[in-house]
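Heads up, the thing below is written out as structure tokens.
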Amino acid sequence: MNRRQFLKLGAVTGGAVALGGVTRIGSRAALAQSGAVPTVDRLVMTNVVDNIYDIFAKGGKLDTITVQRTLPPAGHPLLAEHGLAYHLESIRGPERREILLDFGYRETSLLNNYAVLKVEPAKADALILSHGHLDHYGALPISPESPKAS
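What follows is the structure in structure tokens.
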């Protein structure tokens, strides 16, 4: 497993835990009694910032995973840079949650790509920082339209 696969797995796992609702985290009694792994009906991972954007890559389907590619509108390119940022959206029944996972290196790229991809950071239910490398948190203290951490 390479670093990128590990981060993606961490994003999915963190998103499922955060979105699935785990009570009394760390309590063995709560985990032993529940027995069920939190699940969602649908999880959408939008890659907001990454090292590269391949506009010629095709979408596809692998088992139950569907990869969708959407070209940005003409004149509004996605910005690529060293770093990583995701927008996670989960749906379970009528419940919908949004999480921002990592924030890239520069505010310019993050805010541009949020706008192009129509991600509204103020609607996020939670923020996740995977680890303390600048290319994952550099744009975190962004403009007033960012969600307030609580």
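Under the numbering used here, the residues of the sequence shown are numbered 1 to 150, in order. Even glycine gets a Cβ: it sits at the ideal position worked out from N, Cα and C.
query                                                                                                                                 : result
What whole-angstrom Cβ distance do Leu117 and Thr46 have, given they're in contact under 8 Å?                                         : 6 Å
Using the Cα positions of Leu129 and Lys61, report the straight-line distance between them to the nearest angstrom.                   : 29 Å
Please name the residue, chosen from Val49, Pro121, Gly104, that lies closest to Pro77 on a Cα-to-Cα basis.                           : Val49
Could you give the first and the last residue of the continuous alpha helix (DSSP H) run that contains Ser109?                        : 107 to 117
Expressed to the nearest angstrom, what Euclidean distance is found between the alpha-carbon atoms of Gly75 and Tyr105?               : 23 Å
Let me know the secondary structure DSSP gives Lys61 once reduced to three states.                                                    : strand
Per DSSP, Ser130 is paired with what?                                                                                                 : Answer is none; Ser130 lacks a bridge partner.
Looking only at C-alpha atoms, which of Glu95, Leu79, Gly83, Glu120 sits nearest to Ser109?                                           : Leu79
Compare the beta carbon distance of Arg69 and Ala57 with 9 Å and say whether it is the shorter of the two.                            : yes
Let me know the secondary structure DSSP gives His201 once reduced to three states.                                                   : No answer is possible for residue 201: it lies beyond the span of the chain, which begins at 1 and ends at 150.
Decide if Arg42 is buried, meaning its Cβ has at least 16 other Cβ atoms within 10 Å, or exposed.                                     : exposed
What residues in its chain sit with their C-beta under 6 Å from that of Asp125, if we drop five residues either side in the sequence? : Arg97, Glu98
Taking the alpha-carbon positions, what's the Arg24 to Glu89 distance?                                                                : Unreliable positioning characterises Arg24 in this predicted model, as indicated by a pLDDT of 41, which lies under 50. The coordinate reading is nonetheless provided below. One C-alpha to the other measures close to 23 Å.
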